[in-house]
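The next block holds one structure in the form of structure tokens; read it before the comments.
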Amino acid sequence: MDLDKTTSKYTPTFFSEHQTALYKSLEDKHTTVEVDTDDPLETQMILNMGPQHPATHGVLRIVMQLKGEKIVRSKLDIGYLHRGVEKIAENKTYQEFMPYTDRMDYLAPYSNNVAFCMAVEKIAQIEVPERAQYIRMIGSELARISSHLLWLGTMVMDAGAISFFIWTFRERERLYDIFDEIAGHRFTVSHSRIGGVANDFTEDALKSINEFVDTFPQELKDWNKLLNRNRIFIDRNKDVGVVDHEKAIELGLTGPTLRATGISYDIRKFEPYMMYNQIDFEVPSRLEGDNLARYFCRMEEMAESIKIVKQCLAKMEKGPIRVDDAKKAYPSKDEVYYSMEGLIHDFMMTDTGVCPPEGAESYHSVEGPKGELGYYIQSDGTGHPWRVKVNSPSFSNLQGLENILDGEMVADTVVIIGGVDPVMGESDK
Amino acid sequence: MGLESAMGEGYFTTTMDSLTKWSRSNAVWPMPMGLACCAIEMMAFAGPRYDAARFGSEVMRFSPRQSDVMIVAGWCSYKMSHAIRRIWDQMPDPKWCIAMGACASTGGMHRCYGVVQGVDNFLPVDVYISGCPPRPDSVLNALMKIQEKIRNEQSVLLDTNE
Amino acid sequence: MSKKNAKEQLLEDIQAYLGADLIESKDGYAFPNILINKDRLHETCRWLKNEQHFIYLVDVFGTDRFTSEDRFEVIYNMVCLRTQERLFLKIRIEEENPVVPTVTDIWKSANWNEREVFDMFGIQFEGHPDMRRMYMPEDYQYYPLRKEFPLIGVPGSIELPSTTPDKA
Numbered sequence: 001m002d003l004d005k006t007t008s009k010y011t012p013t014f015f016s017e018h019q020t021a022l023y024k025s026l027e028d029k030h031t032t033v034e035v036d037t038d039d040p041l042e043t044q045m046i047l048n049m050g051p052q053h054p055a056t057h058g059v060l061r062i063v064m065q066l067k068g069e070k071i072v073r074s075k076l077d078i079g080y081l082h083r084g085v086e087k088i089a090e091n092k093t094y095q096e097f098m099p100y101t102d103r104m105d106y107l108a109p110y111s112n113n114v115a116f117c118m119a120v121e122k123i124a125q126i127e128v129p130e131r132a133q134y135i136r137m138i139g140s141e142l143a144r145i146s147s148h149l150l151w152l153g154t155m156v157m158d159a160g161a162i163s164f165f166i167w168t169f170r171e172r173e174r175l176y177d178i179f180d181e182i183a184g185h186r187f188t189v190s191h192s193r194i195g196g197v198a199n200d201f202t203e204d205a206l207k208s209i210n211e212f213v214d215t216f217p218q219e220l221k222d223w224n225k226l227l228n229r230n231r232i233f234i235d236r237n238k239d240v241g242v243v244d245h246e247k248a249i250e251l252g253l254t255g256p257t258l259r260a261t262g263i264s265y266d267i268r269k270f271e272p273y274m275m276y277n278q279i280d281f282e283v284p285s286r287l288e289g290d291n292l293a294r295y296f297c298r299m300e301e302m303a304e305s306i307k308i309v310k311q312c313l314a315k316m317e318k319g320p321i322r323v324d325d326a327k328k329a330y331p332s333k334d335e336v337y338y339s340m341e342g343l344i345h346d347f348m349m350t351d352t353g354v355c356p357p358e359g360a361e362s363y364h365s366v367e368g369p370k371g372e373l374g375y376y377i378q379s380d381g382t383g384h385p386w387r388v389k390v391n392s393p394s395f396s397n398l399q400g401l402e403n404i405l406d407g408e409m410v411a412d413t414v415v416i417i418g419g420v421d422p423v424m425g426e427s428d429k
Numbered sequence: 001m002g003l004e005s006a007m008g009e010g011y012f013t014t015t016m017d018s019l020t021k022w023s024r025s026n027a028v029w030p031m032p033m034g035l036a037c038c039a040i041e042m043m044a045f046a047g048p049r050y051d052a053a054r055f056g057s058e059v060m061r062f063s064p065r066q067s068d069v070m071i072v073a074g075w076c077s078y079k080m081s082h083a084i085r086r087i088w089d090q091m092p093d094p095k096w097c098i099a100m101g102a103c104a105s106t107g108g109m110h111r112c113y114g115v116v117q118g119v120d121n122f123l124p125v126d127v128y129i130s131g132c133p134p135r136p137d138s139v140l141n142a143l144m145k146i147q148e149k150i151r152n153e154q155s156v157l158l159d160t161n162e
Numbered sequence: 001m002s003k004k005n006a007k008e009q010l011l012e013d014i015q016a017y018l019g020a021d022l023i024e025s026k027d028g029y030a031f032p033n034i035l036i037n038k039d040r041l042h043e044t045c046r047w048l049k050n051e052q053h054f055i056y057l058v059d060v061f062g063t064d065r066f067t068s069e070d071r072f073e074v075i076y077n078m079v080c081l082r083t084q085e086r087l088f089l090k091i092r093i094e095e096e097n098p099v100v101p102t103v104t105d106i107w108k109s110a111n112w113n114e115r116e117v118f119d120m121f122g123i124q125f126e127g128h129p130d131m132r133r134m135y136m137p138e139d140y141q142y143y144p145l146r147k148e149f150p151l152i153g154v155p156g157s158i159e160l161p162s163t164t165p166d167k168a
């Protein structure tokens with residue numbers, strides 16, 4: 001099979017080396033022998049589900065070789081959203097890097113903020129006050145709900161029911177209002193600061209969170225009633241994209257994709273952080289490993305998140321929201337405006353920032369909505385990190401997607417991608 | 001004036017241009033080139049609260065052959081730029097382009113090797129929206145600016161003579 | 001208590017298995033971080049997977065230490081689900097011929113991660129089934145995360161599309 005014969009009149013006009021290497025590696029994948037006859041019903045077509053596609057959740061490119069309707073083998077090409085975030089991190093102070101973390105998993109920005117903050121707090125040995133931890137937990141769980149809402153809207157829209165997109169976006173707008181109230185921005189908040197959070201909840205914020213928590217479970221129930229026993233939805237998702245648990249561990253899947261295969265690996269229970277070991281919640285998991293199992297896992301996770309937020313609101317007590325030490329966290333705005341030391345400390349924090357000890361390394365992971373999101377930081381003693389490595393869950397899940405897609409029907413591709421729920425900003429860093 | 005009074009009541013004359021421009025500006029179908037976080041705000045702009053459909057952008061046509069305006073939302077990496085240019089070339093005239101967000105306009109906060117510092121390096125942009133990400137209200141404002149641009153600057157005569 | 005014992009037991013086992021090849025072992029910040037001799041990488045990983053049950057490889061990544069010897073580091077992040085342990089394994093390689101044996105035959109999830117290390121640092125993995133770049137296109141000639149590469153990139157190193165329409 002060579003490039004000229006298969007792609008008859010088209011030759012790549014840009015990045016030609018890249019395209020030839022990609023198509024060649026497709027050919028080399030599981031080297032099987034194939035018979036090339038002249039019968040058009042016997043030849044295998046190469047379909048390029050390109051970087052711009054309505055249903056690929058961002059810029060994901062899949063090159064697949066089809067035999068009729070079945071995918072014989074496929075290759076993913078990512079990197080269309082690559083920025084070099086890790087390189088940028090080496091030139092910024094730890095606090096300056098916070099907005100970049102927002103824009104990685106841009107569906108649930110709060111979790112990324114918290115993950116990075118906790119990694120820095122680990123390496124610089126900063127203790128965060130309790131109220132700040134509860135606020136962070138509430139923010140992370142609301143972000144998880146927001147991400148799962150978008151997943152639900154787009155996956156069901158890709159399966160055909162477009163009205164779900166409108167309903168879930170209506171709920172997301174309510175969440176956006178809450179985040180607006182808490183942090184001043186609709187979704188790429190950078191609310192978490194090193195050493196605590198930026199500002200406390202106002203009365204209005206608490207009221208809207210309580211309202212959301214009271215009314216959202218009813219919406220969830222309605223959606224469950226619509227989809228859980230829906231003939232069409234079940235037929236589209238049952239036994240589609242099946243992964244068994246051994247293969248899932250080998251491929252390195254993470255998050256709800258892994259929990260749907262039977263392995264209940266959740267960082268909140270595996271290596272508990274913040275106050276999760278004092279909150280009573282369950283980690284949903286299923287055994288079948290197909291798309292329907294992933295759907296059920298995420299729906300149940302949304303209900304669990306509501307439970308967690310309710311408990312956090314009940315347990316939260318009044319207290320400071322940021323650690324008081326001036327070498328480790330920004331002073332509060334009152335101090336900055338009204339005292340000389342506060343002003344100087346603010347200036348030093350912005351200029352130099354937190355300085356962890358030289359040669360220290362730390363790793364901290366949180367359970368983001370997509371899976372295990374981890375930050376590995378190496379410090380060289382200055383306010384700029386030496387190396388920041390982001391372990392993004394979408395990267396691992398997309399690697400698994402290459403194996404899941406082999407053997408499936410081409411019409412199921414869209415639903416499988418929806419079920420695995422990748423976010424390209426995160427996987428392409 | 002002269003012609004209308006001669007024809008009697010019930011006749012109203014206008015230029016061919018005004019008719020086509022009015023209809024074109026009120027039915028601007030966007031092609032969302034949603035790349036990153038701005039794409040989520042673009043989805044919200046099409047969502048229930050900031051409804052784009054009431055401005056005429058009834059459908060988000062993901063096919064370039066069927067759309068008028070391309071909204072580039074999100075940072076554009078060098079690898080992706082060729083795909084975007086190819087899609088822009090596939091769109092039929094007359095077409096406009098909105099660069100949504102700081103990253104599409106100038107590269108934004110991403111001043112690094114992988115990001116094209118502004119989509120106008122290879123696309124003719126008509127409206128820039130600032131913000132990171134901009135509120136959907138700003139995108140509506142940009143859409144209205146495009147409508148104004150169509151009403152004031154476009155001309156059927158110039159198009160057909162090209 | 002039992003978790004601490006599991007970690008100590010693990011470190012003792014590693015010490016017994018590797019002997020002199022265990023160059024450094026840090027236990028800061030809750031995760032053991034061991035630096036081993038590069039030549040024993042493959043068999044150590046196989047031993048860790050089969051005997052110590054580290055079946056889940058989370059991440060493989062590289063670091064540029066920017067020193068004149070042993071410039072690059074490759075770090076493996078693995079998890080043992082049975083004992084709830086996480087381990088970081090490090091090896092150091094020099095700049096002139098950065099070649100590391102691959103571990104894709106032990107853990108399949110190392111595939112894309114090793115490609116990313118190759119893309120960003122130029123470290124070759126011998127035996128890898130598909131050694132291509134991950135993020136940058138194949139035509140790109142530089143390795144971005146090396147310390148001498150400028151942040152804004154090398155102008156002209158990657159082409160932009162032309163502003164006149166394709167005549168194809």
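Protein chains in written order, with our numbering: chain A, 1 to 429; chain B, 1 to 162; chain C, 1 to 168.
Even glycine gets a Cβ: it sits at the ideal position worked out from N, Cα and C.
Query raised in the report: From A:Y134, A:Y23 and A:H57, pick the residue whose C-alpha is nearest to that of I416 of chain A; which is it?
Result: A:H57
Requested in this report: Please determine, among B:L123, B:G10, B:V115 and B:L143, the residue with the shortest C-alpha to C-alpha distance to Q90 of chain B.
Outcome: B:L123
**Report entry** Contacts of G62 of chain C in chain B (Cβ-Cβ under 7 Å)
**Finding:** Within chain B, no residue comes near G62 of chain C; the closest Cβ sits about 17 Å away, beyond 7 Å.
Query raised in the report: Distance, Cα to Cα, R268 of chain A vs S192 of chain A?
Result: 19 Å
Query - Proximity test, Cβ basis, 8 Å: F31 of chain C and chain A - result: yes
Query raised in the report: In chain B, which residues lie with their C-beta within 8 Å of the C-beta of G153 of chain C?
Result: C112, Y113 and G114
Requested in this report: Give the residues from the segment 71 to 98 of chain A that approach chain B closer than 7 Å (Cβ to any Cβ), ordered along the chain.
Outcome: G79, Y80, L81, H82, R83, G84, K87 and I88
Query - N-terminal and C-terminal residue of the alpha helix (DSSP H) that Q311 of chain A is part of - result: N291 to K315
Query raised in the report: I98 of chain B: which of B:G118, B:R65 and B:V59 sits nearest, CA to CA?
Result: B:G118
Query raised in the report: Residues of chain A with CB under 9 Å from S77 of chain B, in chain order?
Result: V59, G79, Y80, L81, H82, R83 and D428
Query raised in the report: Measuring CA to CA, which of B:G108, B:Y113, B:W22 and B:M42 is closest to G156 of chain C?
Result: B:Y113
Query raised in the report: What three-state label does DSSP hand Q125 of chain A in the structure shown?
Result: coil
Report task. Compute the Euclidean distance between the alpha carbons of A102 of chain B and F165 of chain A, then round it to the nearest angstrom. Result -> 27 Å
Query raised in the report: Taking 8 Å as the CB-CB cut-off, is L145 of chain C touching chain B?
Result: no
**Report entry** C-beta neighbour in chain B for L107 of chain A, strict 8 Å
**Finding:** yes
Query raised in the report: Straight-line CA distance for K307 of chain A to F281 of chain A?
Result: 7 Å
Requested in this report: Tell me, please, which residues DSSP counts as bridged to Y76 of chain C.
Outcome: C:V60 and C:L89
Query - Neighbour-count burial assignment, M155 of chain A, 16 or more Cβ in a 10 Å radius - result: buried
Query - Secondary structure of Y17 of chain C, DSSP reduced to three states - result: helix
Query raised in the report: Any beta-carbon of chain A closer than 8 Å to the one on S109 of chain C?
Result: yes
Query raised in the report: Is there at least one Cβ from chain B nearer than 8 Å to Q311 of chain A's Cβ?
Result: no
Query raised in the report: Could you give the residue range of the alpha helix (DSSP H) that holds H42 of chain C?
Result: L41 to N50
Query - Option nearest A36 of chain B by Cα separation, candidates B:I129, B:R85 and B:A73 - result: B:A73
Requested in this report: Determine which residues of the segment 309 to 336 of chain A have a Cβ less than 8 Å from any Cβ of chain B, and write them out in chain order.
Outcome: none
Query raised in the report: Would you call the segment 367 to 374 of chain A and the segment 142 to 162 of chain A touching, i.e. three or more CB-CB distances under 8 Å?
Result: yes
Query - Simplified DSSP assignment, three categories, for C167 of chain B - result: Nothing about residue 167 of chain B can be reported from this structure: the residues present for chain B run from 1 to 162 only.
Report task. For E219 of chain A, name the three-state secondary structure that DSSP assigns. Result -> helix
Query raised in the report: Which residues bound the alpha helix (DSSP H) around L373 of chain A?
Result: Looking at the DSSP string, L373 of chain A is not in any alpha helix (DSSP H); the run it does join, the beta strand (DSSP E), is E372 to S379.
Report task. Decide if the segment 209 to 223 of chain A is in contact with the segment 350 to 362 of chain A; the criterion is three or more beta carbon pairs, one per stretch, under 8 Å apart. Result -> no
**Report entry** Buried versus exposed, by CB contacts within 10 Å (16 or more), E73 of chain C
**Finding:** buried
Query raised in the report: Helix, strand or coil for S332 of chain A per DSSP?
Result: coil
Query raised in the report: Does R135 of chain B come within less than 8 Å of chain A when only Cβ atoms are used?
Result: yes
Query raised in the report: Counting only beta-carbon atoms, is G118 of chain B nearer than 8 Å to chain A?
Result: no
Requested in this report: Could you give the DSSP three-state label for F281 of chain A: helix, strand or coil?
Outcome: coil
Query raised in the report: Which partner residues of L35 of chain C appear in the DSSP bridge assignment?
Result: C:E24 and C:K90
Query - Minimum Cβ-Cβ distance from G418 of chain A to chain B less than 8 Å - result: no
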